[in-house]
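Offset between the sequence shown (1-based) and our numbering: plus 108.
Every residue gets a Cβ at the ideal spot worked out from N, C-alpha and C, and that includes glycine.
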Amino acid sequence: MRNGDVAVNNRFLRACRREPVDRVPVWFMRQAGRYDPEYRQIRETHTLLEICREPELCARVTRMPVDKLGVDAAILFSDIMVPVGAMGMSFSLQENVGPVMDRPLRTDEDVARLHAFHPEEALPYVLETIRHLADTLPVPLIGFAGGPFTLASYMIEGGPSRDYLRTKTMMLARPDLWHALMAKLSEAMSIYLRAQIEAGASAVQIFDSWVGSLSVQAFRAHVKPYVQRMLADLAPLGAPLIYFGVHTGELLREFAEAGATVVGVDWRTPLDRARQRVGSSVALQGNLDPVCLFAPPEALQREVEAVLRLGAESPGYIFNLGHGVKPTTDLAQLQRVVEWVHAFEPHSPAV
Ligand code: CP3
């Protein structure tokens, strides 16, 4: 794989496909963000959404962790809420809070008003950023979208939530409305992800960050069919499909069954147990506790190696954190983690 004269490091894609790798690949969720002084400086003059809307700047921000940390994949700089705006719901991203809707979604009319969007027309800047990156990055680019449960939760609650009370209540009291909402969200995100892959993203991750708040039975009944449909729509494109949420230890088998080719794992579930749950036909990604990055280097190294030993036991493993990099993380700690992961002898060396 090459971009012009640049050879693309493809160990991330090889691991997604469970092929032998020379080194364990590593990237970090939220690898572009506030821990980086250069990012904070850009944020002094641009809001997050302004960065997303300027392809050149957005591509630069996406690339920063590749150059500074030496990670094996880049993730598009954007937010799961960007396409929510394109579906007709306005929101703001509030510092240290997260997304806040101007008017939460509660009624039949609210769901009826949500509309599909054409990615090239509604979000041309996202695809332009991807096209630019796909031609210039020395590593594969990961595109992404929010998962249907997580997007629905922000829309219905109006912002972040502890218990997802209104979301789960809609699921139980108005299954018809819930299913109409899930159908709209999953279809729109599937079209959006397809456009990202067609523009040059080599893999995509569905961030269903809060889906672990559901029981296994509720996930099966109210969410899984929609995730399954999204993954089935995208599978023919051939790009690895990563599905991730926190607190999802009990759901991991469901994720593999739904058709994810890579299952993201948070730090609560040891990777050998995750492997037992998902079987041998998918790759695993995870799962260092992001708080370990605040430990002294020696303690951090022990934690990284413990994760690697469990993860690299079987083919198809990508090192990551169990959730996003925290904003006060020291950049040097992330650099060390990448070095240690790359120094580790993987299960089966490349042939
Ligand atoms: O991973 C990356 O480097 C790519 C960029 C990315 C962002 N958001 C940029 C961002 C990605 C992949 C996301 C996804 C996202 N957004 C998720 C799923 C991942 C997860 O963490 O579970 C969720 C739940 C959101 C919604 C959201 N947007 C939250 C919870 C926040 C944090 C609020 C805060 O201030 O702490 C945001 C804002 C946001 N999106 C930031 C970044 C870098 C915060 C920093 C900023 O405002 O510059």
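Positions of the beta strand (DSSP E) runs, each at least 3 residues long and wholly inside the segment 135 to 190, cannot be given because no such run exists.
Going by DSSP, P283 is part of the alpha helix (DSSP H) stretching over P283 to A307. Residue side-chain check: A326 keeps its Cβ at 7 Å or more from all non-hydrogen atoms of the ligand CP3. Between V312 and A347, the C-beta gap is smaller than 8 Å, which places the two residues in contact.
Not one heavy atom of the ligand CP3 falls within 7 Å of the beta-carbon of I314. Using a Cβ-Cβ distance cut-off of 8 Å, the segment 390 to 408 and the segment 423 to 433 are in contact, since at least three pairs of beta carbons, one from each stretch, lie closer than that value. Measuring C-alpha to C-alpha distances from D144 to each of V169, A303, S261 and P191 identifies V169 as the nearest.
Segment contact: the segment 238 to 251 against the segment 187 to 195, fewer than three CB-CB distances shorter than 8 Å; contact not assigned. For M209, the enclosing beta strand (DSSP E) starts and ends at G206 to M209.
Beta-bridge annotation (DSSP): G394 is paired with F427. For S198, the three-state secondary structure derived from DSSP is coil. In the same chain as A224, and ignoring 5 residues on each side of it, the C-beta atoms closer than 8 Å to its own belong to M195, K292, E295, A296 and I299, in chain order.
Short of 7 Å from the beta carbon of F315, and not among the five residues preceding or following it, lie these beta carbons of its own chain, in chain order: I188, F252, G254, G255, T258 and F352.
Taking each of V129, A123, A115 and L121 in turn and checking the Cα distance to E453, the smallest one comes out for V129. For V324, the enclosing alpha helix (DSSP H) starts and ends at V324 to H330.
Annotation for L249: no alpha helix (DSSP H) segment contains it, though the beta strand (DSSP E) segment containing it runs L249 to G254. If you draw a straight line from the Cα of L222 to the Cα of S261, it comes to about 15 Å. Under the DSSP assignment, Y233 falls in the alpha helix (DSSP H) whose first and last residues are P232 to T244. Close CB contacts of C124 within its chain, under the 8 Å cut and outside five residues either way in sequence, are with A311, P348, I350, T369, V370, A391, G424 and I426 (chain order).
For the 8 Å CB-CB criterion, E236 and P163 form a contact. For L359, no beta strand (DSSP E) encloses it, and the DSSP letter there is neither H nor E.
In this structure, the CA atom of K176 is about 8 Å from the CA atom of Q443. Residue range A311 to F315 is occupied by the beta strand (DSSP E) that includes F315.
For L222, the three-state secondary structure derived from DSSP is coil. The beta carbon of A140 sits closer than 7 Å to the beta carbons of Y147, V169, T170, M172, P173 and F185 from its chain, once the five residues preceding and following it are set aside; these are given in chain order. It is roughly 37 Å from the alpha-carbon of S388 to the alpha-carbon of E265.
Sorting F199, R302 and D374 by C-alpha distance to the C-alpha of V354 places D374 at the top. In this structure, the straight-line span from the alpha carbon of A382 to that of I238 is close to 32 Å.
Rounded to the nearest whole angstrom, the CA to CA distance from Q441 to I150 is 22 Å.
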